[in-house]
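2 protein chains.
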Amino acid sequence: MTDIIHRVGIKAPISEVYKALASVEGVASWWTRSTTGNSAVGKTIRVQFNSKEGKEIGSMDMLVKALEQDKKVHWHFTGGPEEWIGTDAVFNLHAEGDHTIVLFGHRNWKEAVEFTAHCSMKWAIFLLSLKNLVETGEGSPSPDDIKIDNWN
Amino acid sequence: MTDIIHRVGIKAPISEVYKALASVEGVASWWTRSTTGNSAVGKTIRVQFNSKEGKEIGSMDMLVKALEQDKKVHWHFTGGPEEWIGTDAVFNLHAEGDHTIVLFGHRNWKEAVEFTAHCSMKWAIFLLSLKNLVETGEGSPSPDDIKIDNWN
Chain A
1 MTDIIHRVGI KAPISEVYKA LASVEGVASW WTRSTTGNSA VGKTIRVQFN SKEGKEIGSM
61 DMLVKALEQD KKVHWHFTGG PEEWIGTDAV FNLHAEGDHT IVLFGHRNWK EAVEFTAHCS
121 MKWAIFLLSL KNLVETGEGS PSPDDIKIDN WN
Chain B
1 MTDIIHRVGI KAPISEVYKA LASVEGVASW WTRSTTGNSA VGKTIRVQFN SKEGKEIGSM
61 DMLVKALEQD KKVHWHFTGG PEEWIGTDAV FNLHAEGDHT IVLFGHRNWK EAVEFTAHCS
121 MKWAIFLLSL KNLVETGEGS PSPDDIKIDN WN
């Protein structure tokens, strides 16, 4: 099994970071504008990625596996690219001084392939978007995300 | 063993990307301005990180283990944070259409710790700096790098 892991620190109260992770509106403001579904535990959120011209590039369905107020958000991917199905994204939060620390893991990849390396880089871009959203009020969700290679 | 892996695509000839990775001047233009030493195979490069006020934050020594023109740069870390010693950074290059694809790995971490997650995020930031350097002529090497948490 292979994991992508990242650490970011956000200068904001933990409750604001949690809100951006635990709600459909929050996710739509840093990951992809086309986020729909229900963010309650046991329900499914769909994230869709479009080109700037509005053409669909891809989508994922994720089951909200666990929510712990101001502590943890856990998604389990049930639809999307083959490599993502069965993987988990987990955000663990804690406070350190004036920062909220996000320990992020996209865990349980079957193997480390070139697409994993692409996704690792994209997660970093989206976590930066999350940081900017909470700190400044403005994220860069898809399709306004930074493009990092010829895949996206 | 744990690996950090990232993929970036740079709209530029492969030779320009290689030059930015295989020379002291190149590394100083995207990773840290304070890069010194000798970039020949078997020699050692030192990268030092300073605060904006000029105070040293940390440094690493890396042995240039392999250089393959327009294909590969391989560093082996011999000094620096304890977790880095004995690890390897490898950049594999290939062309795809008008992009040079960089497959990056910071390999052979003894374990995946919180500092690994921090470094994964920072490598993404510096690879973005490399991309910007080669595409636009301007990177953001330390101390002008994007800060991502309370550690750096």
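Protein chains in written order, with full-length UniProt numbering: chain A, 1 to 152; chain B, 1 to 152.
By construction, the Cβ of each residue, glycine as well, lies at the ideal position given by its N, Cα and C atoms.
Model, not experiment: these values are computed from the prediction.
- Beta bridge counterpart(s) of Arg46 of chain A as assigned by DSSP: Arg46 of chain A pairs with A:Thr36, A:Asp61.
- Give a yes or no on whether 9 Å exceeds the smallest Cβ distance from Ile5 of chain A to chain B. Answer yes: the Cβ-Cβ gap between Ile5 of chain A and chain B drops below 9 Å somewhere.
- Task: Would you kindly work out how many angstroms separate the C-alpha atoms of Asp98 of chain B and Glu56 of chain A, rounded to a whole number?
- Result: Computed Cα separation, rounded: 23 Å.
- Taking Tyr18 of chain B as the reference, give the member of B:Leu103, B:Trp123, B:Ile148, B:Asn152 with the closest Cα. The closest CA to that of Tyr18 of chain B, considering only B:Leu103, B:Trp123, B:Ile148, B:Asn152, is found on B:Leu103.
- Task: Give a yes or no on contact between the stretch 105–121 of chain B and the stretch 44–64 of chain B, applying the rule of three or more CB pairs nearer than 8 Å.
- Result: Two segments are said to touch when three or more pairs of C-beta atoms, one from each, lie closer than 8 Å; by this definition the stretch 105–121 of chain B does not touch the stretch 44–64 of chain B.
- Task: Tell me, to the nearest whole angstrom, how far the beta carbon of Ser140 of chain B is from that of Asn132 of chain B; I am working on the premise that it is less than 8 Å.
- Result: Their Cβ separation, rounded to whole angstroms, is 7 Å, which keeps Ser140 of chain B and Asn132 of chain B in contact under 8 Å.
- Near-chain A residues of the stretch 19–33 of chain B - C-beta to any C-beta below 9 Å: Nothing from the stretch 19–33 of chain B brings a Cβ to less than 9 Å from some Cβ of chain A.
- Nearest-angstrom Cα distance between Ile45 of chain A and Glu16 of chain B? CA-to-CA, the gap between Ile45 of chain A and Glu16 of chain B works out to about 42 Å.
- Task: Please compile the residues from chain B whose C-beta is within a distance smaller than 8 Å of the C-beta of Val17 of chain A.
- Result: Against chain B, a Cβ distance below 8 Å from Val17 of chain A picks out nothing, because the smallest value is about 12 Å.
- Message: Tell me whether the stretch 20–31 of chain B and the stretch 120–136 of chain B touch, counting them as touching only if at least three CB pairs, one residue from each stretch, are closer than 8 Å.
- Response: Per the Cβ contact rule, the stretch 20–31 of chain B is in contact with the stretch 120–136 of chain B (3 or more Cβ pairs under 8 Å).
- Message: Can you tell me which residues form a DSSP beta bridge with Ile5 of chain A?
- Response: Answer by DSSP bridge pairing, in chain order: A:Gly105.
- Please check the pair Ala95 of chain B and Ile14 of chain B, which I expect to be a contact at CB under 8 Å, by giving their CB distance rounded to whole angstroms. Taking C-beta atoms under 8 Å as the contact rule, Ala95 of chain B and Ile14 of chain B qualify, at a distance of about 5 Å.
- Item | Length of the line joining the Cα atoms of Thr36 of chain B and Asn152 of chain B | The alpha-carbon atoms of Thr36 of chain B and Asn152 of chain B are separated by roughly 21 Å.
- Message: For Ile146 of chain B and Gly80 of chain A, what's the separation of their Cα atoms in angstroms?
- Response: Distance between the alpha carbons of Ile146 of chain B and Gly80 of chain A is about 31 Å.
- Item | N- and C-terminal bounds of the beta strand (DSSP E) containing Asn132 of chain B | Per DSSP, Asn132 of chain B lies in no beta strand (DSSP E) segment; the continuous alpha helix (DSSP H) that holds it begins and ends at 114–136.
- Item | Candidates A:Ala66, A:Glu138, A:Ser34, of which the one nearest Gly54 of chain A by Cα | Ranking the options by Cα distance to Gly54 of chain A, first place goes to A:Ser34.
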